[in-house]
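*Asks:*
Chains as they are written, first to last, in my numbering: chain L, 2 to 104; chain F, 36 to 383; chain U, 86 to 256.
Have a look at this one:
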C-alpha cells in the first residue's frame with residue numbers, strides 16, 4: 002500500500018476509537034460528555050475515510066473528511082446552543098433528568 | 036557522523052528550537068530601555084553597561100521567588116497552562132526559513148526546521164492551540180478576574196485569528212503555495228515595470244500587510260490590544276495567580292510570540308532573508324542572509340515596542356468590533372484584490 | 086516496520102488511550118482536555134496517511150475551535166466542576182457495557198480482514214496525494230457544489246446557534 006501504513010492498522014485504531022465513543026454515549030449521563038463521545042466517533046470515521054483514501058491512492062478520502070469536519074463544526078455549534086437554551090430552563094445536565102417534552 | 040551531519044543537526048533541529056529563549060533576554064532589555072526613552076526617562080542602567088544585565092537579574096529574581104498556588108486551584112491544569120503556552124510559542128518557528136540554502140560538501144542544507152507542504156498553515160494550527168494555555172490558566176486559577184481575563188483574551192485571539200489567516204490567504208494565493216520558501220522565491224522576482232524594486236508583498240498587498248500586522252498585535256496580546264493583561268483593568272488577567280517561574284514562563288512565551296510573529300510577518304510580506312539582487316551561493320552569503328532576516332525582524336520588533344508605549348489601549352467592545360466588522364471584511368477585500376492581480380498576471 | 090508505521094502506531098495508541106480517558110473523565114473540562122490530546126494524536130495519524138492539509142484543518146477547526154467552544158460553554162455556565170453522580174439504574178449500565186463489548190468485538194472482527202482486498206497499485210503516487218495544491222483543485226472542480234453547499238450550511242448553523250442561545254426578551 003502506498004504510504005507504507007497497512008490499512009489493517011488504520012481500521013483497528015478507527016474501530017477501537019468508535020467503540021470507545023459508543024461506550025461514552027451509552028454509559029455517561031453528562032450531556033456534554035455524551036456530545037464529546039459523539040465527536041470522538043466522528044473522528045474515528047474520519048480516520049477510516051482517510052485510511053481508505055490513502056490506500057486507494059485518491060483524493061476523495063481527504064475531500065470527504067474536509068466536509069465532515071466542516072459539518073461537525075456546524076453541528077457542534079448548534080448542539081451547544083440547544084444545550085445552553087435547555088440548561089437555562091432545566092438547570093441540570095443529567096440527561097436522565099431531562100425527560101419532559103414540554104414544560 | 037561527519038561534520039555535515041553535525042551541521043544538519045545543529046542548523047535544522049537545535050537552532051530553530053533553542054534560539055528563542057536566548058533571544059528573549061536582549062528583547063526585554065530593548066523593551067525596558069525603549070519604553071524609558073519614549074517616556075523621557077532613563078530606564079535600567081545600573082546592572083552592567085547600559086543596563087544590559089538587567090534581564091539576567093530579573094531571571095535570577097524569578098527563579099528564586101516562592102511559587103504560590105491558590106487554595107482551590109485545579110493543580111494539574113494550573114501547572115499545565117504555562118507549559119502549553121511555552122510549547123506553542125516555541126513550536127511556531129519550525130516552518131520559517133531563516134536563511135538561504137547552505138551548500139556544503141555537495142549537499143544542500145535548508146535552513147528551516149521542517150519544510151512541510153502545508154507551511155504557514157502549521158503556524159496557524161499551533162497558534163490556535165495556544166488559546167488553551169490562556170483558557171486553562173484563567174479557569175484553573177479559581178479566581179473570577181482570571182476567568183474574565185481568560186475569556187476576553189481567548190475571544191480576542193480566536194477573532195483576530197480569522198483576519199490573520201484571511202490576510203495570509205492573499206499571500207498564499209499570490210505564491211500558489213503554502214511553503215514559506217516558495218513565498219520568498221516569489222518575492223525575489225523584480226517588479227514588471229520598475230526593475231530594481233523586488234515584488235515584496237507589502238507593495239502588492241499593502242492592505243493585507245496592515246491587517247496581518249494589526250492581527251499580529253492582537254494575537255500576541257500586545258498593546259493596543261492588551262486589555263486582558265493590563266494592570267488597571269483586570270489585575271493581571273489570566274496570569275494573575277501565577278508567580279515566580281510560572282509567570283516567567285508566560286512572559287517568555289509572550290516575548291517569543293512577538294519575535295516569531297515578526298519573523299513570520301517579515302517572511303510573508305517583506306521578503307524574508309532576501310534582498311533585491313542578492314543571490315547567496317557561498318557560506319558567507321548564507322550568513323549574510325541570516326543577518327538580513329535578523330535585521331528586518333529587529334526593525335519590526337522595535338515597531339512593536341514603539342507602538343506599545345505610544346498608543347492607548349482598546350476597550351473590549353471596540354476591540355471585538357474592529358476584529359469582526361472592520362478587519363475581516365477588509366481581509367476579504369484584500370483577497371479579491373490579490374485574485375484580480377493574479378488574473379491580470381495570468382492574462383498577460 | 087518503517088518509521089512512518091511506528092509513528093502512526095504510537096499516535097494511534099495515544100489517541101485510543103486519551104479517548105478512553107475522556108470517557109471515564111471526572112468532569113467535563115477534563116474530558117475536553119483529554120480529547121484535545123486525542124485529536125492532536127489523530128492529526129499526527131493523518132500526516133502519516135499522507136494528508137497534511139487535513140491534519141492542519143483538524144487541529145485548527147476541531148482541536149482549536151470546536152473544543153474551545155465546548156470549553157467556553159462549560160466555563161460560562163460554570164458546569165465544568167460537576168463530578169459524575171451515581172447512576173440510579175444499574176441494569177442500564179450493565180446492559181450498556183455488555184452491548185458496547187459485543188459491538189466492539191463484532192466491529193474488530195469484521196474489520197480485521199477488510200484491508201486485504203485492495204490491489205496495491207491503484208491511484209496516484211504519494212507525493213501528489215500529500216500536495217495541498219492538487220487537493221484544492223478537487224474542491225474547485227469536481228466538488229464545487231459540495232463546497233458551496235457546506236458554506237451555506239455553515240451560515241445556517243451560525244444564524245441558528247445565535248437564535249437558539251439568545252435570551253428571550255422579557256415583556
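We put the beta carbon where it would ideally sit given N, CA and C, even for glycine.
(1) The alpha helix (DSSP H) that contains residue 164/F, what's its start and end?
(2) Check each residue of the segment 128-159 of chain F: if its Cβ is closer than 7 Å to any Cβ of chain U, include it; give the result in chain order.
(3) Could you name the residues of the segment 212-228 of chain U whose beta carbon sits closer than 8 Å to any beta carbon of chain F, in the order they occur along the chain?
(4) Is DSSP giving residue 179/F helix, strand or coil here?
(5) Judging by CA-CA distance, which residue of 57/L, 43/L, 54/L and 94/L is the nearest neighbour of residue 112/U?
(6) What does the Cβ neighbour count give for residue 2/L, buried or exposed, with the cut at 16 atoms within 10 Å?
(7) Please state whether DSSP places residue 169/F in a helix, a strand or coil.
(8) Assign residue 284/F to one of two classes, buried (16 or more other C-beta atoms within 10 Å of its C-beta) or exposed (fewer than that).
(9) Verify whether the separation of the beta carbon atoms of residue 209/U and residue 58/L is less than 8 Å.
(10) Should residue 23/L be flagged as near chain U, meaning a C-beta pair shorter than 8 Å?
(11) Note down, in chain order, each residue of its chain lying with its Cβ closer than 6 Å to the Cβ of residue 66/L, except the 5 sequence neighbours on either side.
(12) Comparing the C-beta of residue 167/F with each C-beta of chain U, is any distance below 8 Å?
(13) Helix or strand or just coil, what does DSSP make of residue 305/F?
(14) Comparing the C-beta of residue 137/U with each C-beta of chain F, is any distance below 8 Å?
(15) State yes or no: is the beta carbon of residue 96/L nearer than 8 Å to at least one beta carbon in chain U?
(16) Is there a Cβ from chain F that is less than 8 Å from the Cβ of residue 145/U?
(17) Quick check on DSSP: helix, strand or coil for residue 292/F?
(18) With distance defined between alpha-carbon atoms, name the residue in 142/F, 134/F and 85/F nearest to residue 37/F.
(19) With a cut-off of 8 Å, does the C-beta of residue 153/U fall near any C-beta of chain F?
(20) In the DSSP assignment, find the unbroken beta strand (DSSP E) run with residue 138/F in it and report its ends.
(21) Going by the beta-carbon positions, is the gap between residue 108/F and residue 176/F smaller than 8 Å?
(22) Considering Cα atoms alone, identify which of 214/U, 229/U, 234/U and 243/U is closest to residue 75/L.
(23) DSSP on residue 2/L, reduced to helix/strand/coil?
(24) Using 10 angstroms around the beta-carbon of residue 316/F, count the other beta-carbons present and answer buried if the total reaches 16, otherwise exposed.
(25) For residue 170/F versus residue 156/U, is the C-beta spacing smaller than 8 Å?
(26) Ignoring anything shorter than 4 residues or poking outside the segment 210-281 of chain F, list the alpha helix (DSSP H) runs there in chain order.
(27) Return the residue from the list 182/U, 131/U and 236/U that minimises the CA-CA distance to residue 8/L.
(28) What number of angstroms, rounded off, separates the C-alpha of residue 211/F from the C-alpha of residue 124/U?
(29) Any idea what DSSP makes of residue 144/F, helix, strand or coil?
(30) If we count Cβ pairs, one from each stretch, closer than 8 Å, do we get three or more for the segment 337-357 of chain F versus the segment 217-230 of chain F?
(31) Run down chain L in chain order and give the residues with a C-beta less than 9 Å from the C-beta of residue 235/U.
(32) By how many angstroms is the C-alpha of residue 330/F removed from the C-alpha of residue 60/F?
(33) Mind listing the chain L neighbours of residue 101/U? Cutoff is C-beta to C-beta under 8 Å, in chain order.
(34) Between the Cα of residue 239/U and the Cα atoms of 69/L, 15/L and 55/L, which residue gives the shortest distance?
(35) Decide if the segment 103-110 of chain U is in contact with the segment 15-31 of chain L; the criterion is three or more beta carbon pairs, one per stretch, under 8 Å apart.
*Replies:* On the basis of the supplied data:
(1) Walking along the second chain from the start, residue 164/F turns up at place 129. Unbroken alpha helix (DSSP H) run through residue 164/F: 155-164.
(2) Cβ contacts with chain U: 151, 152, 153, 156, 157 and 159.
(3) Within the segment 212-228 of chain U, those residues whose Cβ lies closer than 8 Å to any Cβ of chain F are, in chain order, 215, 216, 217 and 218.
(4) Position 144 of the second chain, counted from the start, is the residue given in the question as residue 179/F. Residue state, collapsed to three classes: helix.
(5) Reading the third chain from its first residue, position 27 is the one you call residue 112/U. 94/L is the residue among 57/L, 43/L, 54/L and 94/L whose C-alpha sits nearest the C-alpha of residue 112/U.
(6) For the purposes of this step, residue 2/L is taken as the residue at position 1 of the first chain. Note on residue 2/L: pLDDT 42, under 50, position unreliable in the model; no value is reported.
(7) Numbered from its first residue, the second chain carries residue 169/F at position 134. If DSSP states are grouped into helix, strand and coil, residue 169/F belongs with the helices.
(8) What you label residue 284/F is simply residue 249 of the second chain in a count that begins at 1. With 16 or more other Cβ atoms within 10 Å, it is buried.
(9) As a position in the third chain, residue 209/U is number 124, starting the count at 1. As a position in the first chain, residue 58/L is number 57, starting the count at 1. Yes, these two residues count as a Cβ contact at 8 Å.
(10) By 1-based counting over the first chain, the position of residue 23/L is 22. True, the Cβ-Cβ gap to chain U drops below 8 Å.
(11) As a working mapping, residue 66/L is identified with position 65 in the first chain. For residue 66/L, where only same-chain residues beyond five positions count, the Cβ hits under 6 Å are 47, 50 and 51.
(12) On the second chain, position 132 is the one that residue 167/F refers to. Judged by the 8 Å Cβ criterion, residue 167/F is in contact with chain U.
(13) For the purposes of this step, residue 305/F is taken as residue 270 along the second chain, with counting starting at 1. Three-state result, residue 305/F: coil.
(14) For this step, residue 137/U is matched to residue 52 along the third chain. Residue 137/U counts as touching chain F.
(15) In the first chain, counting from the first residue as 1, residue 96/L sits at position 95. With 8 Å as the cut-off, residue 96/L does not count as an interface residue toward chain U.
(16) Looking up residue 145/U in the third chain gives position 60. So yes, residue 145/U belongs to the interface.
(17) As a working mapping, residue 292/F is identified with position 257 in the second chain. In the structure shown, residue 292/F sits in a helix (DSSP, three-state: H, G or I).
(18) For the purposes of this step, residue 37/F is identified with residue 2 of the second chain, where counting begins at 1. Closest option to residue 37/F, Cα to Cα, is 142/F.
(19) For the purposes of this step, residue 153/U is identified with residue 68 of the third chain, where counting begins at 1. Interface residue, yes.
(20) By one-based count along the second chain, residue 138/F stands at place 103. Where residue 138/F is concerned, the enclosing beta strand (DSSP E) stretches over 137-139.
(21) Along the second chain, read from residue 1 onward, the residue named residue 108/F stands at position 73. Along the second chain, read from residue 1 onward, the residue named residue 176/F stands at position 141. Contact flag set, yes.
(22) Translated into the one-based positions of the first chain, residue 75/L becomes position 74. The shortest C-alpha to C-alpha distance from residue 75/L to any of 214/U, 229/U, 234/U and 243/U is the one to 243/U.
(23) Numbered from 1 along the first chain, position 1 holds the residue referred to as residue 2/L. Per-residue confidence for residue 2/L stands at a pLDDT of 42, beneath the threshold of 50, marking its modelled position as unreliable; the derived number appears in the next sentence. Here residue 2/L sits in coil by DSSP.
(24) For the purposes of this step, residue 316/F is identified with residue 281 of the second chain, where counting begins at 1. That one is exposed.
(25) Walking along the second chain from the start, residue 170/F turns up at place 135. Walking along the third chain from the start, residue 156/U turns up at place 71. Yes, the Cβ-Cβ distance between residue 170/F and residue 156/U is below 8 Å.
(26) The alpha helix (DSSP H) runs lying completely inside the segment 210-281 of chain F and spanning 4 residues or more are 215-222, 236-239, 241-254 and 266-269, given in chain order.
(27) Residue 8/L sits at position 7 when you count from the first residue of the first chain. When the alpha-carbon of residue 8/L is set against those of 182/U, 131/U and 236/U, the nearest one is in 131/U.
(28) In the second chain, counting from the first residue as 1, residue 211/F sits at position 176. In the third chain, counting from the first residue as 1, residue 124/U sits at position 39. C-alpha separation (whole angstroms): 29 Å.
(29) Within the second chain, the letter at position 109 stands for residue 144/F. Looking at residue 144/F - three-state DSSP - the assignment turns out to be strand.
(30) Segments in contact, no.
(31) For the purposes of this step, residue 235/U is taken as the residue at position 150 of the third chain. Neighbours of residue 235/U in chain L, taken as residues whose beta carbon is under 9 Å from its own, are 67, 68, 71, 72 and 75 in chain order.
(32) Numbered from its first residue, the second chain carries residue 60/F at position 25. Numbered from its first residue, the second chain carries residue 330/F at position 295. Roughly 17 Å separates the two Cα atoms.
(33) On the third chain, residue 101/U is found 16 positions in, with the first residue counted as 1. Near residue 101/U (Cβ distances below 8 Å), the residues of chain L are 14, 17, 18 and 21.
(34) Taking the first residue of the third chain as 1, we reach residue 239/U at position 154. When the alpha-carbon of residue 239/U is set against those of 69/L, 15/L and 55/L, the nearest one is in 69/L.
(35) Remark: three or more beta-carbon pairs, one from each stretch, lie closer than 8 Å, so the segment 103-110 of chain U and the segment 15-31 of chain L are flagged as touching.
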